[in-house]
Structure formats: structure tokens, C-alpha cells
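Structure first, commentary second.
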Amino acid sequence: MASPLVKRFSLALKRYLWILPVGPILGAGVGAGLSLLPVPPPRYSILGVLSYQRAGVSFSETGAAIVEQGQTLSPDILTAPDIIAPVAKEFRMDPELLLKSLRVRDPNAGDEKEKKKESGPPTLEVRFTDEKGERGEKITNTLMKLMVEKSRQLNAARVKGIIDAIRARLPQVIGELRAAERNLERYDRVEGAAILAAQNGALIESIATIGNQQRQLQLQLEGVTAQVRSLEQRLGLSVDDAYVSSALSSDPMLAQLRVQLQQVEAERLLQSQRLRPEHPQMQLLMQRQQSLETLLNRRAQEVVGGSMAGAKPLAATSRIRSSSSLDPARQQLANSLVSLKTQQETLQRQLTLSLKAERELRQEYAGVPNKQLERDRLAQQVALKKALYDRMQAKLVDSEAAEAETVSSLTIAQPAAIRSEEIAQKLSMRLTLPAGFAGGLVLSGALLLVLGMLDRRYQADSEIRSALAERDIKLLGILPELAARAPGLLPVLVEPSPSGEAYEQFRSNLRRLDSSLKVLLMSSVDVGEGKSVVAYNLAIAAARSGKRTLLIELDLRAPSAAKALRVAPDPDAVREPFHYYSSLNNCARMVPEVENLYIAPSPGPQNDCAAILESSEIRQLLLDARSRFDYVIVEATTLNNANDALLLESQTDGLILVARPGHTDKTAFTQRLDELTDEETSTIRLIGVAIDSADSPFELLEEELLLEEDAEAIDPMAAVDEWSIVRPSSNSVAARSKQR
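Going by the numbering used here, the first residue of the sequence shown is number 15, and it counts up by one from there.
Right, here's the structure in full:
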């Protein structure tokens, strides 16, 4: 079997046969025309050499570096329009033609060994081709001078670019340097003293001094505390009580009031021995005593409240009198106790402040490393900015010096000179004519192959089989191409023929697939794919196998093909299609040449096909045919022309599609297959596909045949399942039709 590529080429050759001689004829014509062309004038090759010069005496590093960089000029730069255009204008030439005739190259490009062996500077070859040698030399010399000047301009532009870049960046660098210096200065103002104190040891010395002071204060505080405790034990008074007693005992008014009160108490005691308490004199003494006590309390509060705000209130007169009755010795001890208490509080306060100062100094000392690191970081920032600024200033000065001494990186090592002369030979027709013929033949073949590849139709049955295998759709038969008995008639196998074996195999495949299949619907995607040929010949094969077979033509959009079986359609059926299909006796005709075969010819094209196909007459006709015949084949309109086949499928046992290499469109065929096998949206039972006019008839997949034989040997029903399509088949399609 030929490959699909060869098949496509052969079909394209049949379809576009006129292309095959056109290519060689055109090629031969072109070859003959080339041989008749006049001989072009001689052309001169002019060669000039440019040399990269090394950096000479230079007072700047930038100038030397720019000269070295200029030694990497590419030919595209040296053949730029600003070099070509002036020369073309001067010598009145087309710039594009001048550029095509010019070639600049490195003679040692790609040869590293030769470069290493060379002792001189690298060179560039400037080669120019022209019809006039003298003019070519002038053009080449002018071009080389412009190339040298171009190199100098590029070097100057590089230096200028460096200077402009430095000047553009310099203000920003200066600003960053000033900002870094201000940050360091601000930090030194705040933290500089602490860092300096830590560096010279003053901070550690202060911490040690405060520690010594704390120890001395603690010793003094312990001594004063011991004295206070001793005096409190000796006086039997606390410090506050001692202060109050000392204050009251020192007040002269309290002493006078206390004396007067003692006198009144003494007189009252004497009078009480002879007078009753109700006596006026006793009452007077009582009032005087109360007045003195009131004055005593008031004065005591004044003394205590004015001298010591924190003193305890003196409520009882007896307490005031006892507190104000200290003798001079005890009064001196009380004053000493108060003085020691004051000294104790002073020492305690000094110790607290000393501890606080020590903590602050220690915290400051602990933060010194971080402060030093921060200052070092700021100082480093200043140093980096300063170094960058210094480098930029140095680079700017160096670049300005290089700008004054800019030179070209190229120099003319060898002026232009004629190196060779090319004299063209006239082309011989003995060579151009066969070469053109052969080239045209190859071009025609390539064009035919491209046209074949661009064809959207299947060109080989293997392509159709691949599409079916991808969708798990059964291939029911591969049928050969048949020849018609007469022009204009459908090719049918009325007489015994080897091609009939393919249709017998097709029929047996259907029987193995499902023995209950009785009413089959036959259609195709588009016209010309052989559905009528397959339907007629399958009916003939079924009739020859002994089955009473009926072929019903329900393609009401095309004329009947029953003349191929020598059956004439009813001429009145065109006007009365409903009456024609109302009974098998009206439409069924016996085929004289094939035993057991009957045909219901189509009445011809109808205007209201859908109404006829959905009528009760067609439904009853199919039911009668199912009951009276062993095999019923219904031919319907193609799917692309109408949905007639989809309307009839519910009244049959399933749909069989016919495909034909060279006629079936890939896109339309695969789209219809996907629609029919979609389990969610389609209710159509697709039994399988038959390939008509195949290039490899009688051929089925070997594994499918083996599966058939194994399934029949084990279990007949298993063979049916193996050949069944993805969707489950129904045992009673007639019952399914009634339910719908």
C-alpha cells in the first residue's frame, strides 16, 4: 500500500496535471533566456588595507584605552550610510549599488593561530568591485579616508560620552559626600564626648570613683543608723516623738502655761478638801483649768504644726504636758537624735543618687561599642563617597586631557590598487537549457506535493482509519472502487465479481457486531462519498446470502438511482409522495436481476422533505418493512445537506456512515463523528463507518479479525460485545422507536 504522502502526490498530479509540463517549459525558457543575455563588461577588484594603530605617546590613560577600544570596529560601522552617502554623491553612484560592491573584512577573522603568529598590528581589507579600475581606486581611497575619520569621530564621541557621564553624575556624588559628612558631624556632636571618654578611660575612672563613694557613704550611713538606734532606745522615743518633745520643751509659752496649769490644779486640789465641786469658786477654778488646757493645746499645735508638718497630732493635754516636760539633758539627746536622723536621710539620698549615676555610666559604657561601630560605619561611608569623588575627579581630568589628544584607531596601511580583473563568460545554451528544464521539473513536483499536502480531504483509507481509532469507532468494511456498467448509472455488483467479497465481509461484520441489526440507516457527511453505492451493493450482498432484503431510498433531495438495477421509479410518486409511501405494495419493486432483493425507489426531489420523513406513512412503512423483510437498508440524505438522517435514526437500528478517500473532508467528518459520539448531547447510535473506493480493499486490522475469531470460539455474545461501539446497543430498537 502506498504511503499517504505518495497518495496525496498522485491525487494532486491527477487534479493539477497541467502544472507538470508548465514548470519544465518555464525553466527551459529561463535557461534559454540566460544564454541569450549579453556578456557583462569586465569588473576590476580594488584592494586597500587599513591597519589598527597602537596607542602612541599619551598623557592620559583614557586616551590609550579609547584607541584600544577603537580596534574592535565592525564592518557594519565602517559601511554606515554616513560613509557611503558622501562617496556615492561625489562619484554619482547609487548608494545601494556602492554598498553591494564594497566589502570590508578582517583577513584573519576566525583564525586565532594566524593572529598569534602575526607580529604587526591587525588589519582590515577594503575590497571594492567596479567596472572602471581608475574610478574604483579613487572610490576605495576616499572610502578608506572616511573610515579613518569615522574611527577618529567614534573615539572622540567615546571620550565626550565619558566626560558628559562624569559631569552628569558628579553633582549627585558631591551631594552624597556632603550628606555623609553631615551625618558624621551630627553624630560626633551628640555621641562624640561619650566615645572620647570611653577611649581615654575617663568613663571607667568615673565608674570606679562612684563605686568608692558608694562604699564610703554606706559606711557612714551604717554608723549614723547605729547612733539613731541607740538614742531611740535611750530616750524611748522615736525620731518624730523626740522632735516634738524637744520643740514643746523649748517653747517658753508652753512652759508658762504648764506652770499656771499646775498652780490651778494645786489650788483646786486644796479647795476640794473643804469645798464641793458645785461651789462657785470650784467652778471658777474648773473653768480656769479648762481655759489653760485649751491654750496649751492650741499652742502645742502651733509649735508642732509650724515647725514640723509631718508631726503627729497631739489630742490629749496629758500627752502635751508629758512631751513638753523634757529636762535639759534629755532635750539635748532629742536634738542630737533629730540631727542624726537628718544626717541619715542625707546620706541615704546621696547613696541613691550615686547608684543612679553608676547605672547611667554603666549603660553609657555598655552602649559605647555600638556607638563606635555606628561612627565607624558613618566614617566608612564618608571614606567611600570621598574615594568615589576623588576617582571621578581624576577620571574627569584624565578624560579632558584625552579629549585634546584624540586620534583615530585606523590608519591607511596600503593605498587602493587593482588586484584582479574578472571577465565574464557567455552562458552556453547546452548547459542552461537542460538545467532550466530539470529545475522546472523539480519545482513542478514540489508545487504538486505542496498542493497535495494542503488538501483538506482524506487521501488514503489509512488516514480515515486513524481518525476512527482515535475516537474508538468501529471500521465495518473497506470497500473497493467499482466500475459502472454504463455511463450515468450507479456501479452495482449484479454479476458475480471478486469485489463482492468485500461487501460480503461487510455484511458478515454487521452480523457479528449485533445479530439483532435489521433496519440499517445509510448516510455520509457530504455528497460524492459513495453512500448510494455502498447501500445498493450491501443490499445485493444481503439478498445473495438468502435474506429477503428491502432497499428504501429516502434521499428525497436527489433523483433515484434504481435504473442501475433496471427498476423504473413510479412517475406519479413525485406528485403524491404520501400516497406512494403509504404501503409497501405501492412503493416496493422486485429487482429482476437479483433474487430476494426489493427496492423502494425515491420519488425524486421534494419540497417538504421533513414533513414526509416525519409522517405516519413513513413510520408505518418502516414498521411493515421490519416485520416482512429480513434485512432493510434505508438510504438518507447526507448530513451536511440536511438532518433527514437524524430524523430517521430513531426508527432504525442505527446509523452507518460512508467515507471515501479523496472526497471526504477531514474537518467536517471529524466534527460529525464527535457530535454523533458525544454521550451527553447525542442520542444517535452510530454503528460504525465503511470506507468506499479504498486503495487497500478487503483489508481490516489484523487484531480485530483475531478478536472476532476468539470471541466466536468462546461465546457468541462476547463477539457481539467486542464489535459493539462505545454506547450500549439495544436488543429491541423497534421498542425504542415506539417509546420515542
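C-beta: ideal position from N, C-alpha, C; glycine also. This one's a predicted model, so the numbers in the text were calculated from it and none came from an experiment.
{"Query": "Status (buried if at least 16 other CB within 10 Å, exposed otherwise) for PRO730", "Result": "Residue placement at PRO730 cannot be trusted, given a pLDDT of 37 that sits under 50; the coordinates are not used to answer."}
{"Query": "Cβ separation of LEU564 and ALA639, assumed to be a contact under 8 Å, to the nearest whole Å", "Result": "5 Å"}
{"Query": "Residue closest to ALA650, alpha-carbon to alpha-carbon, out of VAL253, ILE626, LEU111", "Result": "ILE626"}
{"Query": "Beta-carbon proximity check, GLU595 vs ILE647, cutoff 8 Å", "Result": "A small correction: the amino acid at residue 595 is Tyr; Glu does not occupy that position in the sequence shown. No, these two residues do not count as a Cβ contact at 8 Å."}
{"Query": "Given GLN665 as reference, the closest of ARG373, GLU628, LYS370, ALA460 once Cα atoms are compared", "Result": "GLU628"}
{"Query": "Unbroken beta strand (DSSP E) run spanning VAL63, endpoints", "Result": "57-66"}
{"Query": "THR93, DSSP secondary structure in three states", "Result": "coil"}
{"Query": "The stretch 283-301 in contact with the stretch 231-249 per 3-pair CB rule at 8 Å", "Result": "no"}
{"Query": "As assigned by DSSP and simplified to three states, the class of ASP569", "Result": "coil"}
{"Query": "Expected contact under 8 Å - CB spacing of LEU488 and GLY702 to nearest Å", "Result": "Contrary to the premise, residue 488 reads as Lys rather than Leu in this sequence. Contact holds; Cβ gap of about 4 Å."}
{"Query": "Through-space distance from VAL456 to SER450, alpha-carbon basis", "Result": "A small fix is needed here, since residue 450 is Gly in this sequence, not Ser. About 10 Å."}
{"Query": "8 Å Cβ shell around ARG313 - same chain, five flanking residues per side excluded", "Result": "ASP265, MET267, LEU268, LEU271"}
{"Query": "Member of GLU104, GLY147, LEU570, LYS164 whose CA lies at the smallest distance from the CA of PRO89", "Result": "LYS164"}
{"Query": "Exposure of ASN226, with buried meaning 16 or more beta-carbon neighbours within 10 Å", "Result": "exposed"}
{"Query": "ALA733 versus ALA682: straight-line alpha-carbon distance, rounded", "Result": "Summary for ALA733: the model assigns pLDDT 35, below 50, so the residue's position carries little reliability; its value from the coordinates is reported in the next sentence. Going from the Cα of ALA733 to the Cα of ALA682 covers about 32 Å."}
{"Query": "Boundaries of the beta strand (DSSP E) in which GLU139 is found, first to last residue", "Result": "137-144"}
{"Query": "Exposure label - THR697; buried when at least 16 CB within 10 Å", "Result": "exposed"}
{"Query": "Continuous alpha helix (DSSP H) assignments of at least 4 residues falling wholly in the stretch 568-628", "Result": "591-594, 598-601, 623-627"}
{"Query": "Beta-bridge partners of ILE670, as assigned by DSSP", "Result": "MET536, GLY702"}
{"Query": "Range covered by the beta strand (DSSP E) that runs through GLY491", "Result": "489-492"}
{"Query": "Opening and closing residue of the beta strand (DSSP E) in which VAL648 lies", "Result": "645-649"}
{"Query": "Status (buried if at least 16 other CB within 10 Å, exposed otherwise) for LEU283", "Result": "exposed"}
{"Query": "Within 8 Å, strictly: CB atoms of LEU231 and LEU387", "Result": "no"}
{"Query": "Supposed close pair ILE180, ALA416 - CB separation, criterion 8 Å", "Result": "That belief does not hold up - the Cβ atoms of ILE180 and ALA416 are roughly 12 Å apart, past 8 Å."}
{"Query": "Within 8 Å, strictly: CB atoms of ILE177 and SER423", "Result": "no"}
{"Query": "Contacts around PHE105, its chain only, beta-carbon distance under 7 Å, and the 5 residues preceding and following it disregarded", "Result": "ARG149, ILE153"}
{"Query": "Spatial distance of GLU663 from ASP475 (CA atoms)", "Result": "26 Å"}
{"Query": "ASP706 versus GLN685, ARG526, VAL588, PRO494, residue with shortest Cα-Cα distance", "Result": "PRO494"}
{"Query": "Assumed close pair GLY62, ALA430 - CB separation to whole angstroms, cut-off 8 Å", "Result": "4 Å"}
{"Query": "Counted within 10 angstroms of its Cβ, other Cβ atoms place GLU717 as buried (16 or more) or exposed", "Result": "In this prediction, GLU717 has a pLDDT of 39, which is less than 50 and means its spatial position is unreliable; nothing more can be read from the coordinates."}
{"Query": "Neighbourhood of ASN600 by C-beta distance below 6 Å, restricted to the same chain and skipping five residues each side", "Result": "TYR594"}
{"Query": "Residues near ALA427 by beta carbon distance below 7 Å, same chain, minus five either side", "Result": "VAL63, LEU64, SER65, THR137"}
{"Query": "Nearest residue (CA-CA) to VAL318, options GLU279, ILE221, LEU262", "Result": "LEU262"}
{"Query": "Inter-residue spacing [alpha-carbon to alpha-carbon] between GLY808 and ASN610", "Result": "Residue 808 is absent from the model: the chain starts at 15 and stops at 754."}
{"Query": "Outcome for VAL480 when other beta-carbon atoms lying within 10 angstroms are tallied against a minimum of 16", "Result": "Correcting the residue type first, residue 480 is Ser in the shown sequence and not Val. Result: exposed."}
{"Query": "Proximity of VAL118 and THR156 at Cβ, strictly below 8 Å", "Result": "no"}
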